[in-house]
Amino acid sequence: MAEQQPSEQQTEQRYCCITGEPVYPPYNILGGRVYSDRAFAMVNKPHPGFWRSVIVQLVGMAIFAAVVAALANLITEPTQTVRTLLGLFLAIVPTALWMAYFYRQDRLEPEPKHRLGLVFMTALLLTDVIARRLIYDWFRVQEWAAYNIATSLAASILITSVTYTAITYVAVRMVYATEEFDERMDGVVYGSVAGLGIATMLNLRYIIENQGVELAPGVVQTVTTALAMASFGGLLGWFMAEAKFTHKPTWWVPVGFVVTAVLNGIFSWLIGEVAASGLTVEPWRSLALGFVVALATFLVLAVLMRQATEVTLRRSTLD
-7 MAEQQPSEQQ TEQRYCCITG EPVYPPYNIL GGRVYSDRAF AMVNKPHPGF WRSVIVQLVG
53 MAIFAAVVAA LANLITEPTQ TVRTLLGLFL AIVPTALWMA YFYRQDRLEP EPKHRLGLVF
113 MTALLLTDVI ARRLIYDWFR VQEWAAYNIA TSLAASILIT SVTYTAITYV AVRMVYATEE
173 FDERMDGVVY GSVAGLGIAT MLNLRYIIEN QGVELAPGVV QTVTTALAMA SFGGLLGWFM
233 AEAKFTHKPT WWVPVGFVVT AVLNGIFSWL IGEVAASGLT VEPWRSLALG FVVALATFLV
293 LAVLMRQATE VTLRRSTLD
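The sequence shown: position 306 = 298 (our numbering), numbered continuously.
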């Protein structure tokens, strides 16, 4: 007797892409992903608080910077151990806060944490192993870049920031072809995480080379660097995601690379120039000048993040 075949109507068990819980027909499908009823309602609810979250994040970081800077007036003669511990705190906390912010923005399908960790560590290690040696050992910019304004700005854009932008690109390419990289917002998230990896290594090297930090300069160095690198990385990630999902021309990503490198270079140059003219005396002067470029880039990125989510939702409703 022939063996009875399984029923054709028997279907494979499916799971919510956010919570992992089993789901059953009729399925809630958005952008090819399956959601539980609870997760589907969360994804589709209006998000009027987007700009509120942007403002809260910026204000929160400003308060953090102000509080830590105020401590500089309370701790008159910190030991080297205290300076080092505070420096490590300043290197890690801004990165963690910004990473949490960008992770929360991907509400359609939060990226796997191991993928984010891969991108972060790739950028962090490449910054130490390649970028620092390329900039300081090969090009030796510290020996000639300060000759005049033109050379310092050119070195900042064409050498330093091009190197960091290339590292961001390589780190994002680690996950670019994976199935998790399946919407525009993913480019922003992975790019921002790569930028934060760069920022973390830059801040750690700053602490090591200075045997700790003076509190006020440390705030300026770490808070602005974390915001700037996350924003520049997210911008490049957006260009890469657009190229993947909308079939942009071949020049699209190179243009994004150049735009990101120029913004990054201007930021680094502003911070470096002001720091050389008295950072420990007026730390907020450096924060104000460098922060203008970083903040403008972040606000543009915020607009692009909102549009990316709206486009994904709109296209999903048409499928």
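Idealized CB from N, CA, C, for every residue including glycine. Keep in mind it's a predicted model, so treat the numbers as computed, not measured.
By a C-beta neighbour count over all protein chains shown, 10 Å radius and 16 as the cutoff for buried, is residue i buried or exposed?
i: residue 109; result: exposed
i: residue 149; result: buried
i: residue 229; result: buried
i: residue 212; result: buried
i: residue 293; result: buried
i: residue 130; result: exposed
i: residue 264; result: buried
i: residue 52; result: exposed
i: residue 111; result: buried
Just the C-alpha distance for residue i and residue j, rounded to the nearest angstrom, thanks.
i: residue 244; j: residue 74; result: 47 angstroms
i: residue 296; j: residue 223; result: 11 angstroms
i: residue 192; j: residue 4; result: 43 angstroms
i: residue 133; j: residue 43; result: 40 angstroms
i: residue 91; j: residue 137; result: 32 angstroms
i: residue 102; j: residue 174; result: 11 angstroms
i: residue 199; j: residue 188; result: 16 angstroms
i: residue 313; j: residue 45; result: Nothing about residue 313 can be read from this structure; the chain reaches only from -7 to 311.
i: residue 290; j: residue 72; result: 34 angstroms
i: residue 194; j: residue 218; result: 9 angstroms
i: residue 69; j: residue 283; result: 28 angstroms
i: residue 55; j: residue 241; result: 43 angstroms
i: residue 196; j: residue 113; result: 14 angstroms
i: residue 76; j: residue 120; result: 19 angstroms
Taking the Cβ atom as the reference point for each residue, do residue i and residue j lie within a distance shorter than 9 angstroms?
i: residue 88; j: residue 180; result: no
i: residue 249; j: residue 158; result: yes
i: residue 256; j: residue 153; result: yes
i: residue 162; j: residue 227; result: no
i: residue 160; j: residue 126; result: no
i: residue 215; j: residue 62; result: no
i: residue 285; j: residue 220; result: yes
i: residue 236; j: residue 182; result: no
i: residue 49; j: residue 95; result: no
i: residue 107; j: residue 172; result: yes
Cβ of residue i versus every heavy atom of the ligand FAD: is any distance shorter than 8 angstroms?
i: residue 236; result: The ligand FAD is not among the ligands present in this structure, which contains no ligands whatsoever.
Legend entry - Unbroken stretches of the alpha helix (DSSP H), 4 residues or longer, contained in the stretch 138 to 213: 141 to 147, 154 to 168 and 176 to 201
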